[in-house]
Each structure stands twice: as C-alpha cells, then as structure tokens.
Amino acid sequence: MSATSEANRLYWLTVNGARSIWGDRLPDAIHARIEHELATIVAARDAVTAYLVVHNMVKQLRKSGIAVGLSRGRCASSIVAYALGITGIDPLRHGLLMESFVSANRLSPPVFYLNVGIGGRRKAIDYLQGQYGTDGVAMPASLNEGRMAHATDILVMDNESKRCISCKWNDTLKCAIAQQCTKEAEARGALVINIEESAAITHVQDCLVALGKATSDLGKIPLDDPAAIALFANGETKGFPLFDSDGMKNWLSELKPCRFSDIVTAFAIYDIARESTMPPHFSVAAQSIRATFIARRNDKSLAACRHPIMENALAETNGLVVYQEQIMHLAHDLAGFTFHEAGRLPLALGKRILDAMTEMKKWFVAGCLANEKFRVGKWVDEGTARAAAESIWQELESAAPWAYSKAHAVSRTLLAYQCAYLNLATDF
C-alpha cells in the first residue's frame, strides 16, 4: 500500500470511528483536533503505518475475545488513537497533548503501550506473525544481570529493517529473538508495540458482560460518581491495580481526593515520590512534593501562581507543576510556543541538555515580553516582566526532572476508577 493510500485509509478510519463516538456531525473542537493530529501523523516518520498496524491488531484481538484496555503512556494523548479504538481515553476531556506522543521531528515512529487481558500478548504475537511472517516479528534482547531477559516489547519489521536486525528463533517462546535491544532495533527501523497483560482488564470485561454492556460503554462511565470517588478518598482500594498498596492507601486517606483529577494527581505524586528520582539539589518544595501539595490545597494563598496566565494550566494541581503537559501548556500560554516547540521542553529541561536549555530560555523570556496578555498590571514594566519570566523559567527548570506524564497518570488512574465504579454499579 502506498503512503498516500495508507494516509487516506487512516483518515477515513479515524473519521468513521469519531462519528461512532460523537455522532455524524462532529463538534468543531473534535474535528479541529483530528485534522491537526492527522497532519502531524502524516508528517512524522512511519507514524501512519504504526497507527494502522496497531489498529488492525487491536481489532483482531477484540474479535478473538481478548479484552483490550485503555492503553498506557503517551499514546493516550492521541484523539486519533481514541477514535480508532486503540485507546479508551478522550484526550480533550483530560487536557492531554498529542505533541508529547507524535512529533514531525521524531526520528522513529511512536511506540504504543497497550494493556490487554490475560492471554492477549500471545494472541497479539500470533496475529502479527500471521500478517508479517515469523521472521517479521521478534522480541528484543535485553541484558539483565548477565542473562537474556524478555520485556513486554514486540518488534514488527518490514523487509528493510529485517536486513538490519539479527534474529534467532526461540522454540520455547515460539517467536524470534532479536540480537538488539529495543532502542537499537527501533533505530534500525522496527516498529515497537509494548503489550502488557493485566488481570484487571479481564475483570473489567467480565463486569461489562455481567451488566450486558459493550466495551464502547466504558466511555459512558461518569467520572464524578460520589461512591466511586469515596472509595479512593477512604483508601478502600484493595484489588485496584496500582492503588492497592498500603502506602498508596495511606496517601489517599491523607489527601482525601474529591474529584477524578485529584485521584490522577494523587497517583502521579505518589509515583514521583516512590521512584525517588529527585536529586538532592532540588528545592525543599520539590523534595516534599506530597506535603507541599496538601499544604497548598488547604491554604489557597500558598497556591498563588506567579502570573494569572498560569492559573489555567495549574488550577487542578494547586499551582504546583506536576505534569510534563503543564510545562508545555505554560510555554504555549506564556511565551507563545507552538505545542510542537513546547514538546521539546520536558525532555530538554528534565535531562539537563544545556545547549537546548540556554536557547529555549531566550525564546521563553522573549516570548513572555512580547505577549500582550503577559504585559498587564505590574508586568507592564519591562524590568518586572523580565524578572517574572526568568523566575517562571526557573520554576519550570526545577520541576521538569520529576514532572510526570499526565497521559500515563490518567491511563493508570482510569483503569482503577473503572474497577471501582463497576464493582459498585448495578447499571449505568
């Protein structure tokens, strides 16, 4: 299939999928987002093919009775993936940005992180082998304490990448094993699909069957259900994936979330602290982010932003930068960055890429000074405005190394919330 034919097919699959969700007359915001995403996907390297391969695989898994969940990671940021049924998350509803997933400047196709029910990974491999041959599908090699270990990544290779990637058949796994790790194989042209099995996905599917509902009905679950939210606020999350540890239960009981977005933030903050990724030179606020978040929630004066423009991006986290997407929103709102330009910020700042940081700081400060909406009130004065822009930049620099992917946090939280809601529901 030619590149043009693939792009056309992706367009019509997306539009038809969107119409099945929102009706034949798509809302303007949905239509605009789809057009924007498709233009970016077409411009990105091999992204059209990646979307089509994963769409076809997911469709076949569902036909064979395998439950496919919400997805994980940044692919939840794509409304095209949602319309195609690859993910179960409406990114507009949660303020997710597709530029964190697909970029026209990306040197490799996007990686889809999928959750499937028990037995789904083997079914996926069998399907892909049937489509692309046993020599066109492989598991990557990874080194773990001197032994070969196999992760959840699956490599799909075309003829060109087959010539660049060495593979050896494994009879036990019934799959080829690449002699390269995922990163090397991806650089040599392989499409990477990450598939993780989850008993919770099967549980959700079983609940839907018991209620006489279809998978598509999951999108009708209200995110403001008081009884479901109360389970989280009381730490009654036994059996909910990633929310059932004693540490998480205690954190939830302390935080007392009162809305879905609070639970998402609770998950992100807990995971940040659990991973202990914050180096010692960070500010006290960053090192004690959980205490800081609660303090700001209880005393709104502590949550005041450095500039009113920031309130839109930071309202749900009490003025605290928690998510990578917030950094992108702030660069866009304050300094006029496009979201593609802003998409470079979390990586550059998080990894401390000094040349990029120096260049982007100049753009950021200049953008703030040129923004009429920024230059209001006391910020009319250029000196005051410059000092504020530099102070905000420093705040972004400090937060970036531990800023969390909101798309991933929403994905993980929504699965647990679905378990909570369906355990209580008699109908919806």
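Adding 241 to a residue's 1-based position in the sequence shown gives its number in my numbering. Each residue gets a CB set at the ideal place from its N, CA and C atoms; glycine is no exception.
About 11 angstroms separates the CB atoms of ILE594 and ALA641; that is not less than 8 angstroms, and the two are not in contact. The closest CA to that of LEU254, considering only ILE327, LYS602 and TYR645, is found on ILE327.
The stretch 395-410 and the stretch 344-357 do not touch, with fewer than three beta-carbon pairs separated by less than 8 angstroms. Between the stretch 436-450 and the stretch 308-315, the count of C-beta pairs closer than 8 angstroms reaches three or more; the two stretches touch.
Taking 8 angstroms as the cut-off, the Cβ atoms of LEU590 and ILE550 do not count as close. With a threshold of 16 other beta carbon atoms within 10 Å, TRP643 meets it and is buried.
Straight-line spacing of the CA atoms in ARG315 and SER652 works out to 9 angstroms.
As summarised for the stretch 296-372, the continuous beta strand (DSSP E) elements at least 3 residues long and confined to that stretch are 353-357, given in chain order. Approximately 5 angstroms separates the beta-carbon atoms of ALA431 and SER402; this is inside 8 angstroms, confirming the contact.
Residue pairing for GLU438: DSSP places it in a beta bridge opposite VAL357. Straight-line spacing of the CA atoms in LEU251 and SER318 works out to 17 angstroms.
Comparing alpha carbon positions, the residue from HIS277, PRO381, ILE262 and ARG547 closest to ASP331 is ILE262. One Cα belongs to TYR658, the other to GLU623, and the distance between them is close to 47 angstroms. Setting aside the 5 residues that flank it on each side, ASP466 is surrounded in the same chain by TYR662, each with a C-beta closer than 7 angstroms to its C-beta; the list follows chain order.
Counting along the chain, VAL378 sits inside the beta strand (DSSP E) bounded by residues 378-380. In terms of Cβ geometry, GLY476 and ASN491 form a close pair [threshold 8 angstroms]. In this chain, the alpha helix (DSSP H) harbouring CYS609 covers 595-611. Cβ contact annotation for GLN420 (same chain, cutoff 6 angstroms, sequence separation greater than five): ALA382 and SER407, in chain order.
In this structure, the CA atom of GLN370 is about 8 angstroms from the CA atom of ASP376.
Counted as a single uninterrupted DSSP element, the beta strand (DSSP E) harbouring ASP394 occupies residues 394-397. In its chain, beyond the 5 residues on either side, THR255, VAL256, ALA259, LEU267, ILE320, VAL321 and ALA324 have a beta carbon closer than 8 angstroms to the beta carbon of ILE275.
In this structure, THR281 sits near ALA345, with a CB-CB distance shorter than 8 angstroms. One thing to note: LEU543 has its Cβ no nearer than 8 angstroms to the Cβ of ALA532. At least 8 angstroms separates the beta-carbon of GLY560 from that of GLU438.
Distance between SER486 and SER341, taken at the CA atoms: about 29 angstroms.
Between the C-alpha atoms of LYS619 and THR654 there is a straight-line separation of about 40 angstroms. For the pair ALA417 and ALA379, the CB atoms are nearer than the 8 angstroms cut-off.
Taken atom to atom, the span from the alpha-carbon of THR245 to that of VAL283 is near 9 angstroms. Uninterrupted alpha helix (DSSP H) stretches at least 4 residues long and entirely within the stretch 499-565 occur at 501-516, 525-528, 530-539 and 552-555, given in chain order.
Secondary structure in the stretch 243-270: the alpha helix (DSSP H) runs of 4 residues or longer, each lying completely within the stretch, are 244-263 in chain order.
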